[in-house]
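Chains as they are written, first to last, in the working numbering: chain A, 1 to 269; chain B, 270 to 615; chain C, 616 to 859.
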Amino acid sequence: MTFDAQYFDIGRLDRLSYGDTFVHHLDARVKVIATMLFLFTVISFPKYEVVALVPFFLFPVLLATLGEIPVLFILKKVLLVSPFAILIGVFNPFLDTGTVAVIAGIPISAGVVSFFSILLKFALTVSAALLLIATTSFPGVCHALRRLGLPPLFVSQLLFLYRYIFVLMEEAMRITRARDMRSFGTRGAGIKVFARLIGTLFVRTVDRAERIYYAMLSRGFQGDIPSLKRARIEVTDLAYLAAMVMFLAVFRFFRITEGIGGFAQGLLR
Amino acid sequence: MHMADALLSPAVGTTLWAGSVAVGGYASKRLKRQIDDRLIPLMGVLGAFIFAAQMINFTIPGTGSSGHLGGGMILAIILGPHAAFLVMASVLTVQALFFADGGLLALGCNIWNLGFYPCYLVYPLLYKPLAGESQNPGRIVAVSLVSAVAALQLGAFSVVMETLMSGKSELSFGAFLLLMQPIHLAIGIIEGFVTAGIIHYVRSARPELLESMAASRPLGVSISLRKVMATFVALAVITGAALSWFASTHPDGLEWSIEKITGKGELPEQDHGIAPVLRGIQERTAFLPDYGFKPAGNEPKKENAAPAWPGIEAGTSAAGIIGAAIVLGLILLIGAGIRSFRGRNA
Amino acid sequence: MSHHIIEFKDVFFRYPDGTEALRGIYFRITHGESVGIVGANGSGKSTLLQHMNGCLLPTSGTVTIGDLPLTRKTRQEIRRKVGIIFQNPDDQLFMPTVFDDVAFGPLNLGLDEACVRERVHRALGMVHGLDLRDKPPHHLSGGQKSSVAIASVIAMEPDILALDEPAANLDPRSRRSLITFLKTFKHSKMIASHDLDLILDVCERCIVIGDGRVVADGPSAEILSNRTMLEENSLELPLSLQRG
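See below:
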């Protein structure tokens, strides 16, 4: 992805995260916990599980539709980060060749099954992670993490990082544009120039940090970043969490999908 | 490269998370005791800097492909190990959340791979002793190269181990290593050059900067050689044990699975001709309406050492596939329904 | 409240790299005065402003704010009285949301939650920024950021307000809003700016800094119409005076 495209991309996800839907207003802690439970359950499925993973798509679908997040947007991002998992997983069909089924006359090897499993797990985990931010806003997640026990120092790092990402990306964009405008073709984009650009950005960053520090001091900063009490957990939040836990338990330990299929088979006969 | 959730098992993921949280807690504590307030905004903004820097790419001479900075080493050199670890952790967290680069469960692994090694191993044991306060540019380049390569090799090796121990990939140890290490060697060399380049630039443009930052950060990690040796020995033992466990329960992946499935001897390994395959298929795998495999036992909750490879049958039985199609259809209907409902009300 | 006197007596300041930015600054500002600080780039304006709340301490000479002499020990206290608004709002809005930024100061003052909320509400109201309350700073326009930066300082209810190039990146309307706001702020004000028309509009007194020294000190109308003196200090007549 080109630099500009990446920049506007993070901006879009960021804007979506400040939406005003029911999902956005759920308590951030509950959403973080629910997502982590979801992820944990998905990857706890064994290597060759494919069919039982399908119902789990309900979670990202519900989040995306109720949270008014464009589905295509999420799909594109899932595809974008897939290379590594695919790269590793694609070896499976070649290395694990015991045939386990024949579908419409085509033999399916165990490796293909496990590859599919990886793909499904990948789609589920990545979309769940993206949708967490898309429906919660980054500061929301950070505050949730703080209240869930992460060190406050680390959380304030995250918040600063987030606050200045856009500022710094803009600055980096400016510097890169200046470079690109003056290097006709790829000649100028070499490592030496790169190091110098990064060095410039670095120095400007440190200077900025100094100015921020002064601004903080000027408003009475004495070492601790203060924070106000945030929202409380409501009944809706707890209901959401309960529903999630039940859903995960049921679909993890019972072969619902097969049940439905078997039932349909029975009907067809 | 980042570790992904889909390749991870709960056991490995949790372990690495625990490790990263522990180190993070340690780093926070050390910082809290000795921190100069100046560092607080600086760390945050440097995290954003790493992010922005990672987005600027450059062409790798000779290959035409592009590469970019990782950041662990330069952070450790500038901020010291504790602050650098926290900053790397924050950068990786943002990457995981905003870009789904490396999953949320795999975040523990990634923070470990890309944070722990450069900050707490390579920097104190390699860079600092060898380069320290040296002003000699040649020396800085050399040590940066070695450090960056070492850190990235360790990171890449960890990814291999984590994937293997999660058991979702079929790649053998050797094959995987061959895939990962050389690439990361190249990336490490580049990172080393860039790191040295930044230090050089900053020293020439704003010499007082590095000194003033060094002055405001806490004293480095105090390491005793004995502890280091003990750690390495422990690591070696664990690695050795893990590898041998792995080898013993999955002696020969292919043979073993065939045995399980067909209940017979081996299908000829190298013979991928149609005949023997079909023969085997005919007996066990015919796609008949209500024919499924005999279940090999309840699937375990976790992918672990228990030598059961179940779920293969369940994954491909007729009922399963039909059910999957129905469920998928339902989900899409629900989604579309909500969408249009919202659309009408909006 | 007679103790809001700002006094700089023989103030010298040298940066670590040797640059002598201030070479004997002397002036006295009394309560409620509105003073403009003008001078060429590098004349020492920003350095001077940073002495107002102890971000920088004089190498020699004394700075007195209210009845407190500026020292390392007293600067924490002085920061409750003096609110400085720096040039770049991005450097001053460092919290995740506007509300957090405006609340930062009052929280550091140790006020309780209800009081903090009230102050935030009032401060944002004064700059017409109430609807920005829950937005992250990077979603704001330049003018909005400036307004919020000002709100974040006035939420601390300082007795003295110091501003460094407040109109630098503002569009004409935002600039006009700023001028209107400044005119309504009744406490002591010190505004360092190149925007001489703004100074003419808002400040009745003007100090010209050149080469780290006070070159002129008097009523703005007088000083800012003295073309020779202005040009000697790399300045010009305010635009509004150039046409008439």
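Idealized CB from N, CA, C, for every residue including glycine.
Item, Value
"Listed from N- to C-terminal order along the chain, which residues in the segment 587–603 of chain B have their beta-carbon within a distance smaller than 9 Å of any beta-carbon of chain A?", "Ala587, Ala588, Gly589, Ile590, Ile591, Gly592, Ala593, Ala594, Ile595, Val596, Leu597, Leu599, Ile600, Leu601 and Ile603"
"Look at arginine 255 of chain A and alanine 52 of chain A and say whether their C-beta atoms are less than 8 Å apart.", "yes"
"Do glutamate 780 of chain C and alanine 807 of chain C count as a contact pair if the criterion is CB distance below 8 Å?", "yes"
"Could you tell me whether the Cβ atoms of valine 32 of chain A and leucine 145 of chain A are closer together than 8 Å?", "yes"
"Taking just the CA atoms, how far does methionine 342 of chain B sit from leucine 671 of chain C?", "33 Å"
"If I measure Cβ to Cβ from serine 127 of chain A and keep anything under 7 Å in the same chain, skipping five residues before and after, which residues do I get?", "Pro60, Ile74 and Val78"
"Would you kindly check if the distance between the Cβ of glutamine 422 of chain B and the Cβ of glutamine 450 of chain B is under 8 Å?", "yes"
"Report yes if the CB atom of alanine 365 of chain B is closer than 8 Å to the CB atom of phenylalanine 122 of chain A, and no otherwise.", "no"
"Which residues bound the alpha helix (DSSP H) around cysteine 730 of chain C?", "728–741"
"Have a look at B/Ala273, B/Leu311 and B/Ser278 and flag the residue whose alpha-carbon is nearest the alpha-carbon of glutamate 210 of chain A.", "B/Leu311"
"With 8 Å as the threshold, decide whether the Cβ of leucine 217 of chain A is near any Cβ in chain C.", "yes"
"Leaving out five residues before and five after valine 30 of chain A in sequence, what residues of the same chain have Cβ atoms less than 8 Å from its Cβ?", "Ile233, Asp237, Leu238, Tyr240 and Leu241"
"Determine the contact status of leucine 854 of chain C and aspartate 816 of chain C, defining contact as a CB-CB distance below 8 Å.", "no"
"I want to verify the contact list: residues of chain A whose CB lies under 9 Å from the CB of phenylalanine 701 of chain C, in sequence order.", "Arg211, Tyr214, Ala215 and Ser218"
"Less than 7 Å separating the Cβ of valine 471 of chain B from some heavy atom of the ligand SAM?", "Only the bare structure without any ligand can be found here, which leaves the ligand SAM out of the picture."
"Should the segment 213–226 of chain A be called in touch with the segment 716–732 of chain C, which here means at least 3 C-beta pairs below 8 Å?", "yes"
"Can you tell me whether DSSP reads alanine 209 of chain A as helix, strand or coil?", "helix"
"What residue range is occupied by the uninterrupted alpha helix (DSSP H) comprising glycine 407 of chain B?", "406–435"
"Determine the DSSP secondary structure at methionine 216 of chain A, reduced to helix, strand or coil.", "helix"
"Step through the CB atoms of chain A and report whether any lies within less than 8 Å of the CB of methionine 616 of chain C.", "Caution is warranted here: a pLDDT of 46 is assigned to methionine 616 of chain C, below 50, making its placement in the model unreliable, and no coordinate value can be reported."
"Report back the beta-carbon spacing between valine 292 of chain B and phenylalanine 367 of chain B to the nearest angstrom; my notes put them in contact at under 8 Å.", "The pair is not a contact, with the Cβ atoms about 23 Å apart (cut-off 8 Å)."
"At a Cβ cut of 7 Å, what residues of the segment 152–173 of chain A count as close to chain C, listed as they run along the chain?", "Leu159, Phe160, Tyr162, Arg163, Phe166 and Val167"
"Considering only C-alpha positions, which residue in the set B/Ile309, B/Phe445 and B/Ser278 is nearest to leucine 87 of chain A?", "B/Phe445"
"Leaving aside the five residues before and after phenylalanine 94 of chain A along the sequence, list all residues of the same chain whose C-beta is less than 8 Å from its C-beta, in chain order.", "Gly111"
"Starting from tyrosine 164 of chain A, trace the alpha helix (DSSP H) in both directions and tell me its first and last residue.", "152–182"
"Check the Cβ-Cβ distances between arginine 687 of chain C and every residue of chain A, and say whether any is below 8 Å.", "no"
"Please confirm if the segment 701–715 of chain C is in contact with the segment 789–796 of chain C, defined as three or more CB-CB distances below 8 Å between the two stretches.", "no"
"Would valine 829 of chain C be called buried (16 or more neighbouring beta carbons within 10 Å of its own) or exposed?", "buried"
"Judging by CA-CA distance, which residue of B/Ala322, B/Ser278, B/Thr464 and B/His351 is the nearest neighbour of glutamine 303 of chain B?", "B/His351"
"With a cut-off of 8 Å, does the C-beta of proline 226 of chain A fall near any C-beta of chain C?", "yes"
"What are the boundary residues of the alpha helix (DSSP H) that serine 803 of chain C is part of?", "Taken as a continuous stretch (DSSP letters only), serine 803 of chain C belongs to no alpha helix (DSSP H), being part of the beta strand (DSSP E) at 803–807."
"Looking at lysine 660 of chain C: is its Cβ nearer than 8 Å to the Cβ of tyrosine 641 of chain C?", "no"
"From the DSSP secondary-structure annotation, give me the bridge partner or partners of glycine 633 of chain C.", "None; glycine 633 of chain C has no bridge partner."
"In terms of alpha-carbon separation, which member of B/Gly340, B/Ile346 and B/Leu399 lies closest to alanine 358 of chain B?", "B/Gly340"
"Would you mind stating whether alanine 215 of chain A and phenylalanine 709 of chain C have Cβ atoms separated by less than 8 Å?", "yes"
"In angstroms with no decimal places, state the Cα-to-Cα distance between histidine 541 of chain B and glycine 98 of chain A.", "In this prediction, histidine 541 of chain B has a pLDDT of 45, which is less than 50 and means its spatial position is unreliable; nothing more can be read from the coordinates."
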